[in-house]
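Heads up, the sequence shown stops at 256 in this note's numbering, and the numbers go up one at a time, no gaps. Glycine included, every Cβ here is placed at the ideal spot set by N, Cα and C. Bear in mind the structure is a predicted one, so any value in this text is a computation, not a measurement. First the structure, in the form of structure tokens, and then the observations on it.
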Amino acid sequence: MHAYGLTEATRPALVCEWQAKWNQLPQEEQAKIKAQQGLSLLALADLDVKNLKTMASVPRDGQSVGEIVLRGSSIMKGYLKDQEGTQKAFKDGWLLTGDMGVIHPDGYLEIKDRSKDVIISGGENISSVEVEAVLYKHPKVLEVAVVAMPHEFYGETPCAFVALKHEKMEDMDEKAVESEMILYCRKNLPSFMAPKKVVFLKELPRTATGKIQKFQLRALAKTYSICSDKNFKSTQSQLVSHVKNKQSCPLHHQVLPMSRL
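What follows is the structure in structure tokens.
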């Protein structure tokens, strides 16, 4: 059973309870269903996925992305002594969850990403979760997090932070493995979704509860850009120092094609 909820809703808002008929589906189809958050519970009066600019519901096609919004008696009235935060959390009576998702034709909802983690590249919305899912299938990848990095033409582009399974950082050809990862993504994703840069770390920064600290990785990614520089060279010690100390590090550059074709 897959459930979805948040503190502001006081209880689970969605549940994807496994149905016996799904046992006959191919494993790939079963995996897709298990990734869905499911249907709303009776305790929740209303749930939708909306375009926040128009507050119109997105089509139930499993493709159109919008923000998941909730309303009902189980939703909080507001944050204690935080009127500004409360105002930002609601729009037209709906609680804004900050989660981006789609609704499938059967009514099942699937989260695609956190709104703050969506990468906007040349007007295209890129789900960091979808890029991470592809990289996790690469045999060398132990863990990965994808965030936005600056791009002088597209505004933002994906940057992947990767911890490898077996490779030793000091022995591997970092540039060769980076190119391998980028080509792998280009074969399995639309080209504009493929990372333009891959940074290797021994481990990704995490909270005490094990959640990847993407805010640290976003800060680090901002120190990179895409342009021509034959002297580009990154070092693991610089990266680890930045993550641990949250200090700025020199701007690095990389020669990579800028075409989205």
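For Y103, there is no enclosing beta strand (DSSP E), since its DSSP letter is neither H nor E. Short of 6 Å from the beta carbon of E127, and not among the five residues preceding or following it, lie these beta carbons of its own chain, in chain order: V139 and V141.
At the C-beta level, A8 and L42 come within 8 Å of one another.
Around the beta-carbon of P21, fewer than 16 other beta-carbon atoms lie within 10 Å, marking it exposed.
The beta carbon of A40 lies closer than 7 Å to those of R66, G67 and S68 in the same chain, with the five residues before and after it left out. By the CB criterion at 8 Å, K107 and G96 fall inside the cutoff. Check the Cα spacing between W89 and each of P100, G73 and I98: the tightest is with G73. A contact is defined here as three or more CB-CB pairs under 8 Å, and the stretch 106 to 121 meets this definition with respect to the stretch 142 to 155. Here A143 really is in contact with A216; their C-beta atoms are around 7 Å apart, less than 8 Å. Taken through DSSP and simplified to helix, strand or coil, W17 comes out as helix. Between A158 and E198, the C-beta gap is smaller than 8 Å, which places the two residues in contact. Runs of the beta strand (DSSP E) lying entirely within the stretch 33 to 78 and spanning at least 3 residues, in chain order: 41 to 46 and 61 to 66.
A check of alpha carbon separations from P100 across R55, N18, M167 and E173 identifies R55 as the nearest. Beta-bridge analysis with DSSP links I177 to no other residue. Only residues of its own chain outside the window of five on either side were considered, and among them G73 and Y74 have a CB closer than 6 Å to the CB of T81, listed in chain order. In the three-state DSSP reduction, A30 falls in the coil class, being neither helix nor strand. Contact between L212 and F156 holds: CB atoms are separated by about 5 Å, below the 8 Å threshold. By the Cβ-count criterion, Y179 is buried, with 16 or more other Cβ atoms from all chains shown falling within 10 Å of its own Cβ.
For V126, the uninterrupted alpha helix (DSSP H) run begins and ends at S123 to L130, by DSSP. Per the C-alpha coordinates, the member of Y(-1), N183, T202 and W17 positioned closest to L36 is Y(-1). Excluding the 5 residues flanking it on each side, V60 has same chain C-beta neighbours closer than 6 Å at M95, V97 and K107, in chain order. Taking the CA atoms as reference points, D112 sits about 22 Å from K29. C-alpha of Q14 to C-alpha of Q25: approximately 10 Å in a straight line. Close CB contacts of K83 within its chain, under the 6 Å cut and outside five residues either way in sequence, are absent. Taken through DSSP and simplified to helix, strand or coil, L212 comes out as helix. Excluding sequence positions up to five before and after F210, its CB lies less than 7 Å from no other CB in the same chain.
Membership of S220 in the beta strand (DSSP E) is indicated by the continuous run Y219 to I221. Residue pairing of N120 in beta bridges, as defined by DSSP: I115.
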